[in-house]
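Working notes, structure below.
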Amino acid sequence: MTFIKRHIDHDLTDLQLIKKYQENGDTQFIWDLYQRYLELVYGVCLKYLNDENDAKDASMEIFEVLTKKLKTHPVENFKSWLYIVTKNYCLQILRKEKHIVERQTDSDFVHSETFLHHDNEFDLVEPHANLYNCMQDLPEGQRISIQWFYFEKKSYEEIAMIMELTKDQVRSHIQNGRRNLKNCLNGKDNGST
Numbered sequence: 008m009t010f011i012k013r014h015i016d017h018d019l020t021d022l023q024l025i026k027k028y029q030e031n032g033d034t035q036f037i038w039d040l041y042q043r044y045l046e047l048v049y050g051v052c053l054k055y056l057n058d059e060n061d062a063k064d065a066s067m068e069i070f071e072v073l074t075k076k077l078k079t080h081p082v083e084n085f086k087s088w089l090y091i092v093t094k095n096y097c098l099q100i101l102r103k104e105k106h107i108v109e110r111q112t113d114s115d116f117v118h119s120e121t122f123l124h125h126d127n128e129f130d131l132v133e134p135h136a137n138l139y140n141c142m143q144d145l146p147e148g149q150r151i152s153i154q155w156f157y158f159e160k161k162s163y164e165e166i167a168m169i170m171e172l173t174k175d176q177v178r179s180h181i182q183n184g185r186r187n188l189k190n191c192l193n194g195k196d197n198g199s200t
């Protein structure tokens with residue numbers, strides 16, 4: 008995948024570029040930052056969307072998402088945060104496509120006799136919503152580590168490399184995150200450690 012490349016100030020860190028953008032709103036800072044990770048974004052989009060053109064479109068749309076989110080969103084590790092934003096954006100696209108297909112078959116489902124037996128399915132949705140809400144309340148390092156370890160099936164070593172942490176720090180994030188999730192799901196205060 009080829010994109011037009013402009014000057015990237017290699018002297019500035021990711022966080023410095025974000026800070027400059029937040030200070031003056033010049034999207035060139037975000038573009039310079041984004042180009043550092045454009046291949047990563049495209050790769051993630053291609054993995055989830057399985058279509059080169061859709062992946063290219065999504066890669067460019069994610070830049071627009073970044074210009075909005077980075078105005079106020081605090082980011083500790085841009086690369087790992089960008090990975091999660093990209094993955095969530097692609098999953099959102101897939102959900103929209105799935106929703107369109109589901110709407111076409113809804114009328115058949117409503118008129119079927121089995122519809123009367125699906126009341127209990129709503130009971131299954133609530134635990135997933137609770138888990139999602141508790142995940143959002145975790146500190147960023149814990150949330151990202153848990154997402155990669157449990158949902159992306161990445162090893163401690165892979166997570167440590169991506170997040171630029173030690174393996175022990177990743178292990179600590181996962182252990183503390185699991186404990187905080189358990190407390191949150193059991194209705195206790197999410198004391199972030």
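For the sequence shown, our numbering assigns the number 8 to the initial residue and increments by one for each residue that follows. Virtual Cβ for every residue (Gly too), placed ideally from N, Cα, C.
Here the alpha carbons of glutamate 71 and glycine 32 stand approximately 13 Å from one another.
About 12 Å separates the CB atoms of isoleucine 153 and methionine 170; that is not less than 8 Å, and the two are not in contact.
In this structure the segment 178 to 185 does not touch the segment 79 to 99; the number of beta carbon pairs closer than 8 Å is below three.
Check the Cα spacing between proline 146 and each of Asn84, Ile25 and Tyr41: the tightest is with Asn84. Annotated three-state conformation of lysine 63 is helix, per DSSP.
Shown here for leucine 53: same chain residues with a beta carbon closer than 8 Å to its own, the five before and five after excluded, namely Glu59 and Ala62 in chain order. If you look at tryptophan 38, you'll find it in the alpha helix (DSSP H) that goes 34 to 43.
Going by DSSP, tyrosine 157 is part of no alpha helix (DSSP H) at all; its letter is neither H nor E.
Residue burial is scored here from C-beta neighbours: glutamine 99 has fewer than 16 other C-beta atoms within 10 angstroms and is therefore classed as exposed. Between the C-alpha atoms of isoleucine 69 and glutamate 164 there is a straight-line separation of about 27 Å. Put simply, of Leu40, Tyr49, Asn57 and Lys103 the residue whose alpha carbon is nearest the alpha carbon of threonine 74 is Leu40. Rounded to whole angstroms, the separation of the alpha carbons of glutamine 42 and histidine 80 is 20 Å.
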